[in-house]
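Numbering (my numbering), first residue to last: 5 to 614. Note that beta-carbon positions come from the ideal geometry of N, C-alpha and C, so glycine has one too.
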Amino acid sequence: MGLTRIGEAKVDFDGHVVESATGRHAVEPKVIEVLRSLVDKAGEVVTRDELIEDVWDAKYGGDERLSRAISLLRRALGDDRGKHAHIETIPKQGYRLVARVERDASGTVEPQVGLPARSIAVLPFVDMSSGGNQQYLGDGIAEEIINALTKVTQLKVASRTSSFVFRGEDKDLREIGRSLNVAHVLEGSVRAQGDHIRITGQLIAADDGYHRWSETFKGSLADIFQLQDDIARSIVAELEILLELDGSAQLAERLTANREAYEYFLRGRSATYLQDGPETLPHAIDWLERAVAIDPEFAEACAFLSMAHFYTPEHRITPNWRDHHSAARRAAERAQRLAPDNPAVQVPRIYAAAVDRRIDRYIEVTQRCFDDSPRIPRAEYFHSVALAAIGLSEQSLRHLENAEREEPIAASGVTVIGHNHLALGDAKAAEAAYRRAFAMGYRPAAFQAAWAMMDDGRVEAARRYMRDHFDDFGEQVLRVLDFPFNRLLVERACIDKRRWAQILIAMVFRHRWMNSAAQSFSPLFGLCRYTGNPGLYLQLIRTKPIAYFAGTLTHIWEPGEESRRIRTHPDFPQLAEDIGLVRAWQVYGWPRQIQPKPGTDGSNLQFTCS
């Protein structure tokens with residue numbers, strides 16, 4: 005096909021190169037073939053099945069590959085955040101190339117990797133201490149340098165989530181640069197002994213792998229923030245011709261004046277990110293409590309302490325789950341008082357609104373986070389979850405795709421992608437997302453993958469998948485039904501939809517989980533849908549506080565009969581009013597299944613549900 009202009013971008017199909025406003029991009033052969041198929045039918049809808057058959061000829065795994073290819077193409081073609089100016093998504097069908105196409109355009113495109121010059125990734129600094137037990141310090145230094153560099157508005161900085169994926173991997177830095185789409189990679193090491201610390205940093209050019217800068221910084225742990233600022237400033241100095249940076253600004257924030265508090269904070273923050281429950285989160289809480297006890301004015305330590313408490317009931321069985329929620333709320337309020345404008349302290353406020361079961365407050369906070377920090381993909385991720393919770397699935401999916409273009413989304417976020425696809429009627433894309441989330445370690449997603457197969461009409465495939473993965477569903481899901489013959493019971497209720505099995509599960513729910521002392525966690529909600537008792541599900545929403553509340557509401561918008569019966573239940577309108585759904589709809593828009601009655605704004609239960 006040669007050289008083709010698509011919109012303002014030039015595409016060399018033979019050389020597998022795209023040149024756009026975002027730079028030159030080397031594109032994988034299969035990805036360029038997807039674009040070729042769309043160009044061949046420019047202006048027409050090309051179904052997902054057609055594209056998968058044309059490019060991969062695969063029976064399995066094609067949906068995930070196609071979604072990834074579309075995301076890569078949009079990035080290469082230069083689509084702005086939230087604006088699909090080149091490739092349009094047609095819900096439930098496929099994609100359409102909407103940009104103008106000019107074949108055999110003049111000019112040439114060099115077949116080289118296009119990396120935006122003003123871009124950098126910071127890898128976790130390697131722990132070089134004699135005991136090998138201070139990786140938290142290397143992680144903390146790298147994260148604070150990332151935070152410092154994000155203040156440079158002209159510089160694209162890969163997020164912590166993206167960069168830390170490569171921890172401990174023996175990969176060529178050029179390959180890492182290409183993977184993260186950055187022109188520079190910072191790696192380094194840290195060695196602490198007593199009060200002394202030695203930090204070495206190296207700036208590598210991702211196109212050729214050569215060192216652009218290398219320096220060693222020595223000092224005391226009491227000077228850690230100044231050292232981090234010095235490193236960030238030295239990096240920017242190497243790029244200042246491009247950046248035109250005002251060198252007087254301080255880049256690294258001073259989080260605390262106390263060295264011991266900072267060390268406990270680094271340990272606790274690192275453990276909180278892991279979220280694996282039985283061991284890590286209790287340690288995180290202990291370390292962060294120590295940090296706050298030493299420095300009561302340490303706002304970010306309070307924020308992460310709040311998050312660790314909120315996460316704990318979601319990741320481990322504990323009789324003290326209410327105490328964790330109370331402690332989380334106290335820490336969140338304290339962080340807010342200390343630093344109301346710090347983006348880090350907004351995250352606990354999001355979870356506090358979730359535990360209060362107020363989705364209107366939840367989406368207000370996520371909107372503020374997104375407005376204040378539009379360059380931080382995680383802010384957009386939180387807002388996308390809120391949009392999914394109130395039934396605006398198309399908007400949510402668009403935000404999630406934007407966020408994922410900037411950084412890999414956590415497994416829980418990938419499940420929300422699945423929920424949105426399912427709500428939009430694309431069961432195959434939903435299944436691909438759920439399988440991906442399961443492979444990333446979110447075990448309840450195996451349940452959801454089976455249910456997506458059910459919605460797609462593949463009952464026996466769903467049955468086999470559930471049988472094969474029943475033991476993988478995780479401690480909490482299995483604890484939901486600690487009941488004789490629970491495998492058979494779940495299969496009969498969820499797959500075969502036998503009424504006797506659904507009644508038995510509902511009885512277990514009422515006896516074990518509906519009393520006020522029973523712990524609540526998100527997998528309860530997913531399974532409760534399949535009791536055939538929408539009133540029980542609504543009661544669960546009304547009475548059970550969980551940090552992942554917004555994610556549980558996404559089930560309401562799926563097209564299956566179970567979800568429709570929830571939306572049309574007589575108790576649903578009042579619940580929607582009580583938890584703030586109506587107020588959120590009035591501000592952000594109404595989902596297609598819920599509409600205000602003519603001449604009203606939906607107040608006083610004046611809306612219809614379908």
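Residues near residue i in its chain [Cβ-Cβ closer than 7 Å; skip 5 each side]
i, result
"residue 140", "270, 271, 274"
"residue 342", "301, 303, 306"
"residue 3", "Here the chain covers residues 5 to 614 and nothing more, so residue 3 does not appear."
"residue 170", "127, 180"
"residue 338", "306"
"residue 446", "415, 416, 419"
"residue 575", "539, 542"
Simplified DSSP state of residue i, which is helix, strand or coil
i, result
"residue 221", "strand"
"residue 34", "helix"
"residue 203", "strand"
"residue 248", "Confidence at residue 248 is low in this model, with a pLDDT of 49, below 50, so the placement of that residue should be treated as unreliable; the coordinate-derived value is given next. Note: residue 248 maps to coil in three-state DSSP."
"residue 121", "coil"
"residue 564", "coil"
"residue 465", "helix"
"residue 88", "coil"
"residue 14", "strand"
"residue 596", "coil"
"residue 361", "coil"
"residue 604", "coil"
"residue 114", "In this prediction, residue 114 scores a pLDDT of 42, lower than 50, which makes its location untrustworthy; the coordinate-derived value is nonetheless stated afterwards. Correct three-state label for residue 114: coil."
"residue 590", "helix"
"residue 430", "coil"
"residue 354", "helix"
"residue 302", "coil"
"residue 41", "helix"
Whole-Å CB distance - residue i paired with residue j, under 8 Å assumed
i, j, result
"residue 423", "residue 220", "Actually they are not in contact, since the Cβ atoms of residue 423 and residue 220 sit about 49 Å apart, beyond 8 Å."
"residue 22", "residue 81", "6 Å"
"residue 554", "residue 393", "4 Å"
"residue 10", "residue 161", "No, residue 10 and residue 161 are not in contact; Cβ-Cβ is about 29 Å, not under 8 Å."
"residue 259", "residue 266", "7 Å"
"residue 444", "residue 415", "4 Å"
Span separating the alpha-carbon of residue i from that of residue j
i, j, result
"residue 216", "residue 99", "42 Å"
"residue 500", "residue 332", "41 Å"
"residue 58", "residue 419", "27 Å"
"residue 464", "residue 471", "11 Å"
"residue 119", "residue 208", "13 Å"
"residue 116", "residue 372", "With a pLDDT of 40 at residue 116, under the threshold of 50, the modelled position of that residue is not reliable, and no figure is offered here."
"residue 571", "residue 433", "24 Å"
"residue 183", "residue 193", "22 Å"
"residue 55", "residue 34", "11 Å"
"residue 200", "residue 189", "26 Å"
"residue 514", "residue 532", "10 Å"
"residue 614", "residue 289", "44 Å"
"residue 510", "residue 346", "44 Å"
"residue 187", "residue 213", "10 Å"
"residue 354", "residue 490", "35 Å"
"residue 604", "residue 612", "11 Å"
"residue 503", "residue 565", "14 Å"
"residue 552", "residue 222", "43 Å"
"residue 230", "residue 291", "23 Å"
"residue 329", "residue 367", "20 Å"
"residue 155", "residue 543", "45 Å"
"residue 177", "residue 123", "14 Å"
"residue 133", "residue 144", "15 Å"
"residue 606", "residue 591", "11 Å"
"residue 112", "residue 8", "Unreliable positioning characterises residue 112 in this predicted model, as indicated by a pLDDT of 44, which lies under 50. A coordinate reading is not provided."
"residue 458", "residue 518", "28 Å"
"residue 46", "residue 40", "10 Å"
"residue 436", "residue 473", "16 Å"
"residue 429", "residue 136", "50 Å"
"residue 462", "residue 16", "41 Å"
Contact test: residue i Cβ vs the ligand SAH heavy atom, cutoff 7 Å
i, result
"residue 147", "As far as ligands go, the structure on display features none, and thus does not contain the ligand SAH."
Own chain partners of residue i with C-beta closer than 6 Å, once the 5 adjacent residues on each side are dropped
i, result
"residue 584", "362, 363, 364"
"residue 497", "505, 506, 509, 534"
"residue 417", "385"
"residue 334", "none"
"residue 476", "447, 450"
"residue 283", "none"
"residue 202", "195, 222"
Neighbourhood of residue i by C-beta, 8 Å cutoff - its chain only, sequence neighbours within 5 removed
i, result
"residue 370", "354, 383, 386, 387, 389, 390"
"residue 261", "299"
* With contact counted as at least three CB pairs below 8 Å, one residue from each stretch, are the segment 290-297 and the segment 160-180 in contact? -> no
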